[in-house]
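For what it's worth, my numbering labels the leading residue of the sequence shown as 166, then goes sequentially. From the three backbone atoms N, C-alpha and C, an ideal C-beta is built for every residue, glycine too. For reference, the structure is listed below as C-alpha cells.
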Amino acid sequence: MPYPSKLKLLVISNPTAGKQFKNGPKLPERICSIACHVDYQATQYAGHAQELAKDACHQGYNTIIAAGGDGTIHEVLNGIILSGQPGIRMGVVPVGTANDYAYSLARRPACKEPFSQLVDIGAMTTAGYRRYFANVAGIGFPGRVAELARGMKRLPARLRYTLAILRCMGASYQTDPIELNDLESSSYLMISAAVGMREGSYPLTPHALLDDGLFDLLLVGALRRRDIFRYFPRMIRGDIPTTDRRIQTDRKSKITLRSSKPIPLHLDGEDPWVNLPSTLSTGDFQLEIEIIPKAIAMELVT
166 MPYPSKLKLL
176 VISNPTAGKQ
186 FKNGPKLPER
196 ICSIACHVDY
206 QATQYAGHAQ
216 ELAKDACHQG
226 YNTIIAAGGD
236 GTIHEVLNGI
246 ILSGQPGIRM
256 GVVPVGTAND
266 YAYSLARRPA
276 CKEPFSQLVD
286 IGAMTTAGYR
296 RYFANVAGIG
306 FPGRVAELAR
316 GMKRLPARLR
326 YTLAILRCMG
336 ASYQTDPIEL
346 NDLESSSYLM
356 ISAAVGMREG
366 SYPLTPHALL
376 DDGLFDLLLV
386 GALRRRDIFR
396 YFPRMIRGDI
406 PTTDRRIQTD
416 RKSKITLRSS
426 KPIPLHLDGE
436 DPWVNLPSTL
446 STGDFQLEIE
456 IIPKAIAMEL
466 VT
C-alpha cells in the first residue's frame, strides 16, 4: 500500500466512552510529525461515527482515528469500508471500558512506521445485508450477553459482562439449533468467530492473530448450567477446556450458519440487526461470516 508523505487526519471521538477530552485526544509526536492536517469531531448519537467516517473518506481524509471503545471502532471501520474509498488508514485511541480490540493491537510486533501494518477484518452477510467487524462475531449465548451488557454501560466492562452472563444463566438460558458449514443441525450454546484475542473483556481466543487470514473459532455445544459454572473460571483466563467433547476450537476463513429463526448475534459487542431489512426478521435465514485478509492498515495510537 503506497504510503502518503503526509497524513490528513480526522479524529472521531465518542464523548460517552471512558476518558473525556475537551478538544479531542492529544496525539503522540510520532503521529503528529507525519500529519499535515488534523481535525476532530465528536459523535452525537448511535451510528454517528459511521456517518462521520464515511463522509470523511469522501472529503479527502486519508487517515481516520477512532477515539472510544469497541463500539466506536466498529462504527468507524464500517464507515471506511462502506465509503468504497481505497487506501484509507485507521487508528485506535482506546478510551472505552473494555477495549478488547486494542488489547490485541497492543500485542502485535512493533513497527517503526505508523499505519503500515495491515490487519484482517470480518464480514457478516445475510440475504444481501452486509456488516463488517474488527474483533469478533459472537453467536447464540454471546449475542444474548452482549444485548444485556449494552444496557449496563455505566459499569466496568468485566463486571458488566459477568453480570450479563449470570442473568443469561437464568430462566432465559437456552441453546440454538444451528446448521454449521452444511453439517447436520446441532444445538450450540455459543459460536465465536474471532479476529482478536478477547470478547467481553475475556481472552476466549488467546492465540488469535490479527493478520493470519483466519478466524479463531470457539464452538460450544449444549452444556448444562452446572458445566458452565465449572468451566467459567478457566475460560475467563483463556484456558479453554477442550477435553470436553462439547467444546471445540478451530481455525477457518469462512463459516456458514443456518437457522429456522433469528440468531442472537453481536459484532464487536454491537447489535448488527439495527438496520436489518424487515423481510429477514422472521423465517429461515442463513448467515455467512468470512475473513477479509489484510483489509486495512491499523495503528494503536497511544
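Notebook entry, point to check: Buried or exposed: where does Pro368 fall if 16 or more other Cβ atoms within 10 Å of its Cβ makes it buried?
Noted result: For the purposes of this step, residue 368 is taken as the residue at position 203 of the sequence shown. Counting Cβ neighbours within 10 Å, Pro368 comes out buried, since at least 16 surround it.
Check: Below 8 Å between beta carbons: does that hold for Asp285 and Ala462?
Finding: Residue mapping note: residue 285 aligns to position 120 of the sequence shown, counting from 1. Residue mapping note: residue 462 aligns to position 297 of the sequence shown, counting from 1. No, the pair does not count as a contact, with Cβ atoms beyond the cut-off.
Margin query: Looking only at its chain, what residues have a beta carbon closer than 6 Å to the beta carbon of Val176, apart from the 5 residues adjacent to it on each side?
Written below: By 1-based counting over the sequence shown, the position of residue 176 is 11. So the list reads Gly189, Tyr205, Ile230, Ala232, once near-sequence residues are dropped.
Item checked: Status (buried if at least 16 other CB within 10 Å, exposed otherwise) for Leu324 -> In the sequence shown, residue 324 corresponds to position 159, counting from 1. Exposed is the call here.
Next item on the list: Look up Phe397 in the DSSP assignment and give the residues it is bridged to.
Entry: Within the sequence shown, numbered from 1, the residue matching residue 397 stands at position 232. Answer by DSSP bridge pairing: none, since Phe397 is not bridged.
Margin query: Using the Cβ count rule (16 or more neighbours within 10 Å means buried), how would you classify Thr370?
Written below: As a working note, residue 370 is residue 205 in the sequence shown. When all chains shown are included, Thr370 counts as buried.
Next item on the list: Assign Pro437 to buried or exposed, taking buried as 16 or more other Cβ atoms, counted over all protein chains shown, within 10 Å of its Cβ.
Entry: Looking up residue 437 in the sequence shown gives position 272. Burial call: buried.
Margin query: Beta-carbon within less than 7 Å of Leu242's beta-carbon, same chain only, minus the 5 sequence neighbours each way: which residues are those?
Written below: In the sequence shown, counting from the first residue as 1, residue 242 sits at position 77. These residues qualify, in order along the chain: Met255, Ile286, Tyr297, Ala299.
Check: How big is the Cα-Cα spacing for Ala292 and Gln451?
Finding: Taking the sequence shown and counting its residues from 1, one reaches residue 292 at position 127. Taking the sequence shown and counting its residues from 1, one reaches residue 451 at position 286. In a straight line, the C-alpha of Ala292 is about 8 Å away from that of Gln451.
Next item on the list: Give a yes or no on whether the C-beta atoms belonging to Ala211 and Val301 are separated by under 8 Å.
Entry: As a working note, residue 211 is residue 46 in the sequence shown. As a working note, residue 301 is residue 136 in the sequence shown. No, Cβ-Cβ distance for Ala211 and Val301 is not below 8 Å.
Next item on the list: Return the chain-ordered ranges of every alpha helix (DSSP H) run that is complete within the region 222-249 and spans a minimum of 4 residues.
Entry: 235-248
Next item on the list: Return helix, strand or coil for Ser446, following the three-state DSSP convention.
Entry: Within the sequence shown, numbered from 1, the residue matching residue 446 stands at position 281. Unreliable positioning characterises Ser446 in this predicted model, as indicated by a pLDDT of 49, which lies under 50. The coordinate reading is nonetheless provided below. Three-state DSSP puts Ser446 in coil, outside helix and strand.
Check: Do you know offhand how far Val425's Cα is from Arg309's?
Finding: Position 260 of the sequence shown, counted from the start, is the residue given in the question as residue 425. Position 144 of the sequence shown, counted from the start, is the residue given in the question as residue 309. The residue you asked about is not Val; residue 425 is Ser in the sequence shown. About 17 Å.
Note to self: Using C-beta distances below 8 Å, list every residue in its chain close to Arg390, excluding the 5 sequence neighbours before and after it, in chain order.
What the structure shows: The count along the sequence shown starts at 1 and reaches residue 390 at position 225. Contacts found: Met334, Tyr338.
Next item on the list: Mark Gly305 as exposed unless 16 or more other C-beta atoms lie within 10 angstroms of its C-beta, in which case mark it buried.
Entry: As a first step, residue 305 is located in the sequence shown; it is residue number 140 there, counting from the start. Burial call: buried.
Notebook entry, point to check: So Arg411 packs on Ala387, CB below 8 Å; how close in whole Å?
Noted result: In the sequence shown, the residue the question calls residue 411 occupies position 246. In the sequence shown, the residue the question calls residue 387 occupies position 222. About 7 Å; that satisfies the 8 Å criterion.
Notebook entry, point to check: When the Cα atoms are used, what is the spatial distance from Gln209 to Glu216?
Noted result: Indexing the sequence shown from 1 puts residue 209 at position 44. Indexing the sequence shown from 1 puts residue 216 at position 51. Gln209 and Glu216: Cα-Cα distance of roughly 11 Å.
Check: Does the region 247-262 come close enough to the region 342-360 to have 3 or more Cβ pairs within less than 8 Å?
Finding: no
Note to self: Just to confirm the assignment: which complete beta strand (DSSP E) runs, minimum length 3, are found wholly within the region 356-389?
What the structure shows: Qualifying beta strand (DSSP E) stretches, in chain order: 380-385.
Next item on the list: Compare the C-alpha of His431 against each of Leu379, Ser198, Asp235 and name the closest.
Entry: Numbered from its first residue, the sequence shown carries residue 431 at position 266. Residue Asp235 is the option with its Cα nearest to His431.
Checklist line | Gly365 classed as buried or exposed, judged by whether at least 16 other C-beta atoms fall within 10 angstroms | finding: Your numbering for residue 365 matches position 200 in the sequence shown. Buried.
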